[in-house]
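Heads up: the structure comes next, in structure tokens.
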Amino acid sequence: MVSEKKKQSVSTSSAPLKQKEVAEVVPTGPKILGVKLDTIRLLLQVIIFISIAGASISSRLFSVIRFESIIHEFDPWFNFRATKYLVTHSYYDFLNWFDDRTWYPLGRVTGGTLYPGLMVTSGVIWHTLREWLALPIDIRNICVLLAPAFSGLTAIFTYFFTKEIKDSNAGLLAAIFMGIAPGYISRSVAGSYDNEAIAITLLMATFYFWIKAMKLGSVFYGTLTALFYFYMVSAWGGYVFITNLIPLHIFVLILMGRYSHKLYTAYTTWYALGTLASMQIPFVGFLPIRSNDHMAALGVFGLLQLVAVGDYVKSQIPSKQFKSFLVISLVLTITLGIIGLVGLTTLGWIAPWTGRFYSLWDTNYAKIHIPIIASVSEHQPTAWPAFFFDTNMLIWLFPAGVYLCFQDLQNEHVFVIIYAVLCSYFAGVMVRLMLTLTPIICASGAIALSKLFDVYLDISELINANPEEETTDKKKSTGNRKANIFFILLSKLIVLLTFAFYLFYFVFHCTWVTSNAYSSPSVVLASKNPDGSQHIIDDFREAYYWLRMNTPEDAKVMAWWDYGYQIGGMADRTTLVDNNTWNNTHIATVGKAMCSSEEVSYEILKKHDVDYVLVIFGGLLGYSGDDINKFLWMVRISEGIWPDEVHERDFFSERGEYKVDSEASQTMKDSLMYKMSYYRFNELYNGRDASDRVRGQTIPASQAPELNVVEEAFTSQNWIVRLYKVKDLDNVGRNLHSATQFSKTEQSKRKRIAKKPVIDLRE
Amino acid sequence: MTFGSRFSLIGLLITLFIASVHAFEALVVYDAAVSNLEKDVSLLNPEISKFLESNSLSAEFKTYTDETLELFFAGQKKYNHLILLPSSKKAMAKKSFNQHLLLDFISEEGNILVVGGSKSVLPEDIRSVLNEIGIYPSPKGYELIDYFNQESDKGVSGVQLKKENFVAPKVLPFKSSLGSYTGGAALISNNENILPLVRASSTSFSAPIEESDITITQDKTWTLGKQGFAAVGVQALNNARLAWVGSESLVDEELLKWNFKAKGVLKLQFTQHHKHDEPQFANNNTLYRIMDQVIYTVGVSELKEGKWTTYEVKDEDDQLQLSFKMLDPYQRLNLEPLGPASSSEEDSELDTFVYFTNFTLPDHHGMFTFELDYKRSGLSYLLDKRIVAVRHLANDEYKRSWEITNAWVYIASAAAVVLTWFLFVINFIYVGNIDYSKKNI
């Protein structure tokens, strides 16, 4: 159903191209069936836009149709929770929200540490529908469907952007590419309620208005650029990309000697308004004038003033004097600039580059210095098949499009080139930046393809050639000419059919990837029964619902930070750490509690008032994203804070392997995480050796772990989620280990002689 | 609905049944071979019988081997107090009276008095419960010996206990009428809930008394010097109390009062915290702002003569303390006395003493705990934790820019830029451009 719609939209998008070609041939006042050609063109364009939007929205609905209208993954759960807070409280409350249900006991100044754009957008839509249109829609459904809705807008803005670069033919192609390219769908399927969902739309809008402003030197478009830039800043941390790309564009243009008043107007308007506006977002605050990430924009702003002055001076004085003026002022500016930057950074006025920034340049930086960043899967370098997987044929059309930009090399083409080069690098470094690369791949691919279509769909020479040839060259035989036309036609047909095939194939690929790779909510897992029917594994929600229903409302749940947002969103319980990894020490504390022995852990658990501990265990089902597989990151992160107490090496077997079976190291077996994961696992196998299906190792029955400081509270159907309750202090003051041992003893054996105990001296 | 009502009916019946069974407050378990209370109740320690009588506590008497001996009935504890007298045998009826049930009895706030003796043993389960808690009484035949503090004519046996041996006089005071002590001694662990009552002197030791020639060796002695204790009290975290005495002679009225919660019992009547500028009896706030001025009030009562009365702190060391903590205490304050008050609104009787403190919250947001953790030896523990959120300043709670003198220079420069720009525009458009306009025309 969905793929059919997409096919339609592609075929309709190629149809008007032909119409347009015809239109260009006959320039003045043409009519088809009595209707003006312009009207038909407009009608067609509207229909195309509607179909593109329809295709891009419907291809994102797989997850809703297959599962249900549910929020996906991890971060969206926080956004969803924040949105609910926004619509149930006021904007003022939201802005000053102190969240006492996360990061216990530190709390989180949530209102000041989030990008409110997404929530505010949903909130506005919710209020509009409710109060103006009298359509009371559940906020969850708005959140689920926000990303698909915005993807339609992205396609339209991509059209305008590409239209500025080439023409509307390329624009339409780019729009449909953008609509269904998996690289973008990966972050915008229904339920993927994340900042990126609206950020890419705003990215394209900002770039479109920037190109427009720069071309026209218009204050109006500059202001619009700033406005969308502000929206972008409010929505996604990736706004820094714009903050650096636009200055870089200007900088390159200045180096190319293309300075003009238009550039000056556009840039200064955007920078002044955009920066002031961006500083209104509490999370950004004074970063635009204090953080190194933003210094390029400020620097170029300053440079532009100097260039403007230089330009003025140049027009007033002879060129010889101007040269010396230029040299002296250049040297002075650069030295002063560097000294100022270094000085301010060392004084602490300018924040040094952030770790995420360093990891952009040195892929090993994070691994060595910031395990918390390296531990996130989306911060890993991209594997090369991912490029093909996410963009299919566009990945090889992309360089062609960039090459064509070099051919024209107008100011806007320079922009495309810079964007393409920068983003190709970044996408190679970090998987998640594939997302920012996709728009430019789509635009470049469309440019290349439309150029190709321009040439091969141009049948005007076939029609027009006849009279010319007849008048000029009568000697040529008509048969020869016919053969010539035949070959021209044949070559055109072959190329066109090939690319038509590629386009069809592209649609199939996109649909297939979307349906198979990007439409899983990851909250609900799907598998196939032997008979092919779908089997839903719903352990996460089962466990979160248990938490919600069976624990006190103020219970504190400790889990690895991956599950913090989900616990907050679905179970509505206080968590210690969550996916907003703002406090490394606190995360390390949780890591230490997980990887230490029971006695050490218990102190941490008690100090943090933990009531329940949640672990994810995939050993029974073969769910590979479980906590034992993430365990080494917990060890590494806590080792970063307590190098004396936690040693990564201790968790490997003697031969240096990561083992959980009989060869597992003692530290591994003693760790709370290991014990909680494999507690009573052997009982499933009737007390025999149990087999862990994720790691393909055997847990010997003889080393079945015993728990003293926590007790099992709940284990989900497939054992994916296991919940443990932290025991109270022993009533009579024993340590919990001996208390558990004592409660296990049967009736005490009668001893002949009471033996004198070995105990410490009483103080 | 029907199920629920039926369930509650059954519950009611059970409760009634228990009420009818629960006829006795205390259970005295004895061994007929040591003191045959079955025949003659007056053989019971006079202090105990006096105490039971004066507090009108009804007691049931059973032997260790009695098969009907049980602590719980239908999951409810049958007695509040348990007195375990010395036995001659290690065995006892274990079916419904074993070490686990004894610990459960403590968990259910039951109080236990264990009376030991040098010529008797404790049944194995009772001994193992004591060991679990950290009390290791000397075995049968061992006696506390102190050559430097004994009545000269009595030979080896008997130790003259002095006032300084009674280390917790509030619980077990020294009595001059106390004769020489003949009984065992116990080693105790470093369990913080243990409250030593009678500590042996540094010249004492405990050893098997019957061996004529006592040589002090590591193997033969049980306790040495001050590591020996003749009486030990324990207060569990739920305020259940247990006492072990090495000999019946140490059983004392004050000890029994303490053991069976007739004295040294505190109760936290109420806890309140509120902003100093908000009404006092508003519901306890759960949200404060940094640097708020907060008043914290508690009412503490003490049980005296079966009635709740005011608990006034007299000693500097016994002050009530409030910790305002997030992981670590940010504030730790002694509570100041305010005066007696009534704990309930209907009652005008002044039965509780109110303490308070007034302090400024730290300049740090987070989830803080008002923690009153009052653990004083001989008194029941008070523990109260109230978790509140302390939020940051809202966006409109900061000073405005013009209220900050440092900002004036920036405000002035901004205003100057605006003004200059305005003048520049006027200048650019209207002043000295006459030629241009003429040319344009």
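Chains as they are written, first to last, in this note's numbering: chain Y, 786 to 1548; chain W, 31 to 471.
Built from N, CA and C at the ideal position, the CB exists for glycine as well.
Computed from a predicted structure; not experimentally measured.
Tell me the rounded alpha-carbon separation between residue i and residue j.
i	j	result
residue 366 of chain W	residue 349 of chain W	9 Å
residue 1098 of chain Y	residue 1034 of chain Y	24 Å
residue 406 of chain W	residue 1340 of chain Y	29 Å
residue 993 of chain Y	residue 969 of chain Y	18 Å
residue 150 of chain W	residue 159 of chain W	17 Å
residue 1549 of chain Y	residue 393 of chain W	Only positions 786 to 1548 of chain Y appear in the structure, and residue 1549 of chain Y is not among them; the question remains open.
residue 1370 of chain Y	residue 972 of chain Y	30 Å
residue 806 of chain Y	residue 887 of chain Y	With a pLDDT of only 45 at residue 806 of chain Y, under the threshold of 50, the placement of this residue in the model should not be trusted, and no figure is reported.
residue 1507 of chain Y	residue 1404 of chain Y	12 Å
residue 204 of chain W	residue 196 of chain W	6 Å
residue 976 of chain Y	residue 998 of chain Y	35 Å
residue 325 of chain W	residue 381 of chain W	22 Å
residue 304 of chain W	residue 315 of chain W	6 Å
residue 1104 of chain Y	residue 1133 of chain Y	42 Å
residue 86 of chain W	residue 328 of chain W	33 Å
residue 286 of chain W	residue 276 of chain W	15 Å
residue 1180 of chain Y	residue 1187 of chain Y	11 Å
residue 219 of chain W	residue 272 of chain W	15 Å
residue 391 of chain W	residue 892 of chain Y	16 Å
residue 1009 of chain Y	residue 1323 of chain Y	46 Å
residue 208 of chain W	residue 189 of chain W	11 Å
residue 1070 of chain Y	residue 1063 of chain Y	8 Å
residue 1294 of chain Y	residue 965 of chain Y	10 Å
Along the beta strand (DSSP E) that carries residue i, what are the first and last residues, could you check?
i	result
residue 1075 of chain Y	Taken as a continuous stretch (DSSP letters only), residue 1075 of chain Y belongs to no beta strand (DSSP E), being part of the alpha helix (DSSP H) at 1072-1075.
residue 167 of chain W	165-167
residue 304 of chain W	296-305
residue 1322 of chain Y	1319-1322
residue 388 of chain W	382-390
In the DSSP assignment, find the alpha helix (DSSP H) that holds residue i and state where it starts and stops.
i	result
residue 1097 of chain Y	1080-1101
residue 838 of chain Y	822-843
residue 941 of chain Y	924-950
Whose CA, out of the options, lies closest to the CA of residue i?
i	options	result
residue 1053 of chain Y	Y:1409, Y:1007 and Y:1330	Y:1007
residue 283 of chain W	W:66, W:78 and W:70	W:78
residue 1178 of chain Y	Y:1203, Y:899, Y:1226 and Y:1167	Y:1226
residue 1046 of chain Y	Y:944, Y:1029 and Y:1089	Y:1089
residue 296 of chain W	W:289, W:321, W:334 and W:256	W:334
residue 472 of chain W	W:120, W:70, W:126 and W:143	Not covered by the structure: residue 472 of chain W. The range shown for chain W is 31 to 471.
Is the closest heavy atom of the ligand GDP to the C-beta of residue i under 7 Å?
i	result
residue 173 of chain W	Ligands are entirely absent from the displayed structure, and the ligand GDP is therefore not among its contents.
>> Counting only Cβ-Cβ distances shorter than 9 Å, please list the residues of the segment 129-145 of chain W near chain Y, keeping chain order.
In response: 129, 130, 133, 136 and 137
> In the segment 121-177 of chain W, which residue ranges form an unbroken beta strand (DSSP E) of at least 3 residues, counting only runs that do not cross its ends?
Replying inline: 141-145, 165-167 and 172-175
> Any residues in the segment 898-918 of chain Y with a beta carbon nearer than 9 Å to a beta carbon of chain W? Which ones, in chain order?
Replying inline: none
> Along the segment 187-209 of chain W, what residues have a CB closer than 8 Å to any CB found in chain Y?
Replying inline: none
> Looking at chain W, which residues of the segment 1115-1136 of chain Y have a Cβ within less than 8 Å of any of its Cβ atoms?
Replying inline: none
> What are the residues of the segment 412-443 of chain W that lie near chain Y, defined by any Cβ-Cβ distance shorter than 9 Å?
Replying inline: 415, 417, 418, 419, 420, 421, 422, 423, 424, 425, 426 and 427
> Which residue spans inside the segment 1380-1447 of chain Y form an unbroken beta strand (DSSP E) run of at least 3?
Replying inline: 1397-1401
> Which runs of the alpha helix (DSSP H), 4 residues or longer, sit entirely within the segment 1451-1509 of chain Y?
Replying inline: 1451-1455, 1457-1463 and 1466-1469
>> Counting only Cβ-Cβ distances shorter than 7 Å, please list the residues of the segment 211-238 of chain W near chain Y, keeping chain order.
In response: 217, 218, 219, 220, 221, 222 and 223
>> What ranges does the alpha helix (DSSP H) occupy inside the segment 993-1067 of chain Y, keeping only unbroken runs of at least 4 residues that lie completely in it?
In response: 1004-1020, 1024-1040 and 1046-1063
> Which residues, in chain order, does the segment 344-359 of chain W contribute to contact with chain Y at a C-beta distance below 7 Å?
Replying inline: 356 and 357
> According to a CB-to-CB cut-off of less than 7 Å, which residues of the segment 919-939 of chain Y neighbour chain W?
Replying inline: none
>> Give me the subset of the segment 288-311 of chain W whose CB atoms are less than 7 Å from a CB atom of chain Y, sorted by chain position.
In response: none
>> Please list, in chain order, the residues of the segment 1370-1394 of chain Y that have any C-beta partner in chain W closer than 7 Å.
In response: 1392
> Where in the segment 266-291 of chain W do unbroken runs of the beta strand (DSSP E), each at least 3 residues long, occur, reported from the N-terminal end onward?
Replying inline: 271-275
>> Beta carbons nearer than 9 Å to chain Y: which residues of the segment 385-398 of chain W have them?
In response: 395, 396, 397 and 398
> Listed from N- to C-terminal order along the chain, which residues in the segment 940-965 of chain Y have their beta-carbon within a distance smaller than 8 Å of any beta-carbon of chain W?
Replying inline: none
> Along the chain, which unbroken stretches of the alpha helix (DSSP H) at least 4 residues long are found entirely within the segment 843-871 of chain Y?
Replying inline: 847-851
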